[in-house]
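Heads up: the structure comes next, in structure tokens.
Okay, structure coming up:
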């Protein structure tokens, strides 16, 4: 698997092609963070393509502080493996030619040191609502991976790409067509009838990022055997995390 240092040159150039200037703030010693055996890196989404600049900047800072030999892999929706357009992106981000199950991700994560899992928990929810608000997470199960692997979270919040977004109203006929292909998108559009599209692309004048170590309150020994009860536990943990992410986002105003 590729290590962060192998990505830095390309990602640093990509970052500078997308932003005029950037600011980076870490609430914790980055060198100490890079000594962690494993990290679950949690980022906010912004617009549907706003994940690119923060990945570039975080990689650069991680390498600068001794993380060049770390292996980072993304957790993404299986949809990205389902078509030839997005499959190369999926393989690049996850370092896997096929989608991995929860158990596979957990086993690999806790059996290898100096490794990171990267997740954007809002997922497709980023297509809906205010891009200046942290949207509800698609699933809280990524937290279970971190908890069972005893890995702290590195919460990485960014601000500046919101100006790319255009909130586009959709006609009922189009919503009905979308509903035929995706229950999730159909249901969300029935609620709102608007979708976020990053069509106002230009260099971001001032891209800001703040990172902070976050340790879940739940421990592996706290997790219930009953699936329904466990999901409720994880949802409470996710709600706490989402609140903290919003606080960090607001601090970057």
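Residue numbers (this note's numbering): 4 to 256. Beta carbons are placed, not taken as given, at the ideal position from N, Cα and C, and that holds for glycine.
If we define contact as Cβ-Cβ less than 7 Å, is residue i a contact residue for chain C?
i           : result
residue 225 : Chain labels in this structure do not include chain C; a single protein chain is all it has.
Cutting at 6 Å between CB atoms, please list the residues of its own chain near residue i, excluding the five before and the five after it.
i          : result
residue 70 : 7 and 37
residue 77 : 96, 97 and 121
So the candidates are the options; which of them puts its Cα closest to the Cα of residue i?
i           : options              : result
residue 113 : 225, 35, 126 and 154 : 154
residue 170 : 199, 180 and 186     : 199
residue 147 : 246, 49 and 220      : 220
residue 173 : 193, 183 and 186     : 193
residue 49  : 63, 139 and 184      : 139
Considering only the beta carbon of each residue, do residue i and residue j sit closer than 7 Å?
i           : j           : result
residue 210 : residue 22  : yes
residue 34  : residue 68  : yes
residue 53  : residue 164 : yes
residue 51  : residue 129 : yes
residue 149 : residue 43  : yes
residue 108 : residue 151 : no
residue 126 : residue 141 : yes
Within its chain, find whatever has a CB closer than 8 Å to the CB of residue i; leave out the 5 residues flanking it on each side and keep chain order.
i          : result
residue 58 : 14, 46 and 121
If you drop the 5 nearest sequence neighbours on each side, which residues of the same chain put their C-beta closer than 7 Å to that of residue i?
i           : result
residue 254 : 213
residue 204 : 167
residue 248 : 47, 137, 158 and 160
residue 233 : 226 and 227
In or out: residue i buried (at least 16 other Cβ within 10 Å) or exposed?
i           : result
residue 93  : buried
residue 16  : exposed
residue 206 : exposed
residue 115 : exposed
residue 62  : buried
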